[in-house]
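Student: Got a structure here, written out as structure tokens. Questions coming.
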Amino acid sequence: MTDASATQTLGFQAEVKQLLRLMIHSLYSHKEIFLRELISNASDALDKLRFEALAKPELTGGQNDFAITIETDNTAHTVTITDNGIGMTRQEAVEHLGTIAKSGTAEFLSKLSGDQKQDAQLIGQFGVGFYSSFIVADRVEVFSRRAGHPASDGVHWESRADGEFTVSNVELPERGTKIVLHLKEGEHEFADAFRIRSLVRKYSDHIAFPVRMRKSEQDAELETVNHAQALWTRPRTEVKDEEYKEFYRHVTHDFTDPLAWSHGKVEGKKEYTSLLYIPSRAPFDLWHRDASRGLKLYVRRVFIMDDAEQFLPLYLRFVKGIVDSADLPLNISREMLQQDPAIDAIRTGLARRTLDLLAKIAKDEPEKYATFWKEFGAVLKEGPAEDGTNRERIAKLLRFSSTHADSETQDVSLEDYVGRMKPGQTAIYYVIADSFGAAKSSPHLEVMRKKGIEVLLLSDRVDEWLTDHLHEFDGKRFANVARGELDLSAVESEDEKKAQESLAKEHADLVERIRKSLGDKVSDVRITHRLVESPACLVLGENDMGAQMRRILEAAGQKAPVAKPALEINPTHPLLARIETTKDEADFSDLSLLVLDQATLADGGQLAEPAAFVQRLNRLLLSQK
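If you use the numbering used here, the sequence shown corresponds to residues 110 to 734, in order.
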């Protein structure tokens, strides 16, 4: 039987090994972030103990002087960071220091390219945490004891980042965690107390707990070297931009600057303070539905929980920051958050504040907003479906590609579009495809280009979901140029209308022959109003599910409802002119099916019988003289 207290040598999780190797070589220009990361972790440990002690006061043993202590030793070349927070058990040390539990870790690591500068940005986005120790240290020791556990339950963890670590039980009289960094050759500058003191003031001045160091090498008395006041409790006029940025890095463990932030206090019926950040880059797990998200929740400056997702709608899941309520009970749980009516009021207020911040950026700093849209635009497009109250606000923030520029850049707002509408135009026209290229080359755009009518080119996976819930803007309805019978009567002359009616009468027999030939393969055959150059196109009914949404459902293993499109033909096209003069019914049938197959492919669809299409095409090619 194995002695649980014996020293064990264990291997790091494969992902940890890979991350350590890449991080040590990629973050060479960001070495000093190790201190920020370790102080941030220590602050989190103190927050967690203070919260758990609300229900179990005995955890603190009467010692409520929460603090972080840093010691340097220029002779031994060590830096020691100690906190009297929640601490770890032996099992927790193995789990927290030997594995990475973040969802999507493998996907994240696959994106690392070997380019050190690029990888440094990605790794910072992932959050380096404890493992940043190995940027400057070749050996790291961790001594920890869980609050409430006896001294004999202390644990000693040690590693040289060589793929393995050891763990054993030791006697520790105090709760909390002590991390000892044995600095590498060439990194001894970090054993200098003055250097560490300046880094604390630069990166961790906003930490709500005191960070203490010796006054001097000769003086053992400790002094607080940071501001030691929760940053969000200070007046905005007293907080510098650099302090806001450092607090963002503390909250997110990201070392890129935030794009923007909003610091506000609400007083009256509901009292709360919020500090919300818009990141400059999308997190690697933005599209992982089980990924943790939400704000840090404090109640009267006491930390309650990470990732409180109830305070922002899902379409704003990219927002980071904190909310500090004066009204909620200190013992509130996630379950209680879902039922507390006060949360709805805070959620509504924070959503409005975020949208106002984005609107300000869009108006005053369009280049910065373009960066935001590139990273988070597809997420914001979920908003009109989820938040009917703010639908108009969200609509003003949306950006699209359009035929106005024929560029893939999404910089056209709905206000821009409405401002360019043709006299008499009553609808905002759009087309949806699987890619920008497919949308731009869609045959449904031909008559719109001819008349100079702008069309929005939509190709994000969420676009059909968006247009199903965003029905109008500024009194103008949305109209899909690939659905229903296209009504351009408001921008057509009387001569154009008469010519269209005449065309339909002239080729009524052709329409009937093709309709009979195709049978139930289509819902209808009619003369087109959309095409100028192409022979035919497929048109869905107004209420039919689009091809994009059907493919998403099918990819998710769900059965999509069957929708038969109508076939619209252009009788002025040479191919249709030939079909109209074809007397042989077998040839007529082949040509009719060929037109249908062409229209299916042009619409981005898949042929039901590709082999039959090839055989039919070969017959027609061989019949040519």
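Glycine included, each C-beta is placed from N, C-alpha and C at the ideal position.
#1: Is DSSP giving Leu308 helix, strand or coil here?
#2: Any idea which residues DSSP pairs Leu649 with across the strands?
#3: Across the stretch 286–298 and the stretch 188–207, are there enough close Cβ pairs to call them in contact, namely three or more that are closer than 8 Å?
#4: On the DSSP bridge list, what partners appear for Trp574?
#5: Start and end of the beta strand (DSSP E) containing Arg321?
#6: Nearest by alpha-carbon distance to Gly561: which of Arg529, Ser611, Ala708, Gln448 is it?
#7: Can you tell me which of the three DSSP states Glu605 falls into?
#8: May I ask you to report which of helix, strand or coil DSSP gives Asp262?
#9: Mind reading off the beta-carbon distance from Ile387 to Leu406? Whole number of angstroms is fine, and I expect it under 8 Å.
#10: Which residues bound the beta strand (DSSP E) around Trp370?
#11: Taking Phe239 as the reference, give the member of Leu147, His578, Glu347 with the closest Cα.
#12: Using a Cβ distance threshold of 8 Å, determine whether the stretch 116–127 contacts the stretch 264–273, with at least three qualifying pairs required.
#13: Starting from the C-beta of Arg255, find all residues in its chain whose C-beta is less than 8 Å away, skip the five residues before and the five after it, and write them out in chain order.
#14: Is the CB-CB distance between Leu730 and Leu705 below 7 Å?
#15: Let's see if you can read the secondary structure: which residues bound the alpha helix (DSSP H) around Ile244?
#16: Could you give the distance in angstroms between the alpha-carbon of Phe175 and the alpha-carbon of Phe318?
#17: Residues in the same chain with beta-carbon distance under 8 Å from Asn727, minus the five sequence neighbours each way, listed in chain order, please.
#18: Count the other CB atoms, across all protein chains shown, that sit within 10 Å of the CB of Thr690; report buried if there are 16 or more and exposed otherwise.
#19: So, with DSSP's three-state summary, where would you put Ser268?
#20: What number of angstroms, rounded off, separates the C-alpha of Arg321 from the C-alpha of Asp182?
#21: Report yes if the C-beta distance between Trp341 and Ile431 is below 7 Å; otherwise report no.
#22: Reducing DSSP to helix, strand and coil, say where Ser633 ends up.
#23: What does Thr191 pair with, by DSSP beta-bridge criteria?
#24: So which of Gln667, Leu612, Glu603 has the shortest CA-CA distance to Ile636?
#25: Excluding the 5 residues flanking Phe243 on each side, which residues of the same chain have their C-beta closer than 7 Å to its C-beta?
#26: Would you kindly work out how many angstroms separate the C-alpha atoms of Asp436 and Leu446, rounded to a whole number?
#27: Express the C-alpha separation of Trp482 and Asn335 in angstroms, rounding to a whole number.
#28: Looking at chain D, is there any beta carbon in it that lies within less than 7 Å of the beta carbon of Leu716?
#29: Where Lys165 and Val411 are concerned, what is the direct C-alpha to C-alpha distance, given to the nearest angstrom?
#30: Going straight from the alpha carbon of Lys606 to that of Asp596, what length do you get?
#31: Here's a check: name, in chain order, each residue in its chain whose Cβ is nearer than 8 Å to the Cβ of Asn499, leaving out the five neighbours to either side.
#32: By a C-beta neighbour count over all protein chains shown, 10 Å radius and 16 as the cutoff for buried, is Val671 buried or exposed?
#33: Can you give the Cα-Cα distance for Arg343 and Ser149, rounded to whole angstroms?
#34: Is the beta carbon of Phe364 less than 7 Å from the beta carbon of His315?
#35: Mind checking which residues open and close the beta strand (DSSP E) that includes Gly486?
#36: Tell me the rounded alpha-carbon separation between Arg502 and Ala656.
Tutor: Let me lay it out:
#1: helix
#2: Arg592
#3: yes
#4: According to DSSP, which records beta bridges pairwise, Trp574 is partnered with nothing at all.
#5: 320–323
#6: Arg529
#7: helix
#8: helix
#9: About 19 Å separates the two Cβ atoms, so there is no contact after all.
#10: 369–375
#11: Leu147
#12: yes
#13: Ile195, Gly196, Met197, Thr198, Glu201, Asp262, Arg284
#14: no
#15: 242–245
#16: 7 Å
#17: none
#18: exposed
#19: strand
#20: 15 Å
#21: yes
#22: The sequence given here has Asp at residue 633, not Ser. Asp633: strand per DSSP, three-state reduction.
#23: Thr178, Lys287
#24: Leu612
#25: Leu129, Ile133, Val249, Ala270
#26: 12 Å
#27: 36 Å
#28: The structure shown contains no chain D; it holds only a single protein chain.
#29: 15 Å
#30: 11 Å
#31: Ala460, Arg461, Leu464, Gly492
#32: exposed
#33: 19 Å
#34: no
#35: Premise fails: Gly486 lies in the alpha helix (DSSP H), 475–489, not in any beta strand (DSSP E).
#36: 29 Å
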